[in-house]
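S.K.: Mapping the sequence shown onto numbering that gives the first Met the number 0, position 179 (from 1) lands on 178, and the numbers just tick up by one. Sharing a structure with you now.
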Amino acid sequence: MSGFQAQLILLSLISYVIGSIPFGLLLTAVAGGGDIRKIGSGNIGATNVLRTGRRGLAAATLLLDALKGAVAVLIARFFFPGASETTMAVAAVAVVIGHCFPVWLGFRGGKGVATGLGTIWILSWPVGLACCVIWLLVARLSRISSAGALAAFLLAPVLMVLLSGRPLHSPIPVATLLVSLLIWVRHSSNITRLLTGREPRVNVDQASRR
Numbered sequence: 000m001s002g003f004q005a006q007l008i009l010l011s012l013i014s015y016v017i018g019s020i021p022f023g024l025l026l027t028a029v030a031g032g033g034d035i036r037k038i039g040s041g042n043i044g045a046t047n048v049l050r051t052g053r054r055g056l057a058a059a060t061l062l063l064d065a066l067k068g069a070v071a072v073l074i075a076r077f078f079f080p081g082a083s084e085t086t087m088a089v090a091a092v093a094v095v096i097g098h099c100f101p102v103w104l105g106f107r108g109g110k111g112v113a114t115g116l117g118t119i120w121i122l123s124w125p126v127g128l129a130c131c132v133i134w135l136l137v138a139r140l141s142r143i144s145s146a147g148a149l150a151a152f153l154l155a156p157v158l159m160v161l162l163s164g165r166p167l168h169s170p171i172p173v174a175t176l177l178v179s180l181l182i183w184v185r186h187s188s189n190i191t192r193l194l195t196g197r198e199p200r201v202n203v204d205q206a207s208r209r
């Protein structure tokens, strides 16, 4: 095993552990909201935290989950000798895997949207900005958070090529594609409900009055 391969393995483990920190579960429990996995959809992400009626907790969960992705890629960029697009790409994929499949929760985690966006912001901030705008716009118009997320990550690999100027086969577009595919797979049940018109809408105003 070469030194670079050993670095990639270490980086993958570090990124996975960072991604596996369940901020939605921890914040809700500390705030006296109980186990978020027993509320709403049972997901540990910000959208389900919002269903508790605590917008502040939901916003904090969204921010911290995004920071997990950003921090993992920044570690790859600044703390690994000979940092390259390959190390950042590996970190991006590993941290989202950690969020989606945390070992501490029996590999039953979130759906990776906020963490995925956090990685994309560091890989290419114009792409991150574009994806956030798409997510918010579609979610606002449809009042369905999953629709916004799916739209953003459907376009993320294309935007990474168009806006970053990198070829499709280079590490960062490939990582963006892998992250997007993982997020779409994690949203399989949401996709089924969207197609059948059964996906629940998020009513922020109603949630804030609970």
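Quick reminder that beta carbons are idealized off the backbone N, C-alpha and C, glycines included.
Under DSSP, the alpha helix (DSSP H) around Val102 begins and ends at which residues?
M.R.: Unbroken run through Val102: none, as it is neither H nor E.
S.K.: Output needed for Thr118: all residues of its chain with C-beta closer than 6 Å, excluding positions within five of it in sequence on either side, in chain order.
M.R.: Gly68, Val72, Ala91
S.K.: Exposed or buried, which one is Gly2 when buried takes at least 16 other CB atoms within 10 Å?
M.R.: exposed
S.K.: Just to confirm my understanding: we take Val16, look at its own chain, exclude 5 residues before and 5 after, and list those with CB closer than 7 Å. What are they?
M.R.: Gly97
S.K.: Identify the continuous alpha helix (DSSP H) that holds Arg165 and give its terminal residues.
M.R.: No alpha helix (DSSP H) holds Arg165; DSSP gives it neither H nor E.
S.K.: Taking all protein chains shown into account, do 16 or more other C-beta atoms lie within 10 angstroms of the C-beta of Pro166, making it buried, or fewer, making it exposed?
M.R.: exposed
S.K.: Have a look at Val184 and Thr60 and give me their C-alpha separation to the nearest angstrom.
M.R.: 22 Å
S.K.: Determine the extent of the alpha helix (DSSP H) in which Asp34 is found, giving its start and end residues.
M.R.: Membership of Asp34 in any alpha helix (DSSP H) is not indicated, and neither H nor E is assigned to it by DSSP.
S.K.: Check this for me: beta carbons of Leu116 and Cys130, under 8 Å apart or not?
M.R.: yes
S.K.: Specify, as a first and last residue, the run of the alpha helix (DSSP H) that Thr51 falls within.
M.R.: Note, Thr51: premise wrong, no alpha helix (DSSP H); not H, not E.
S.K.: Please report the distance separating the alpha-carbon of Pro199 from that of Arg50.
M.R.: 11 Å
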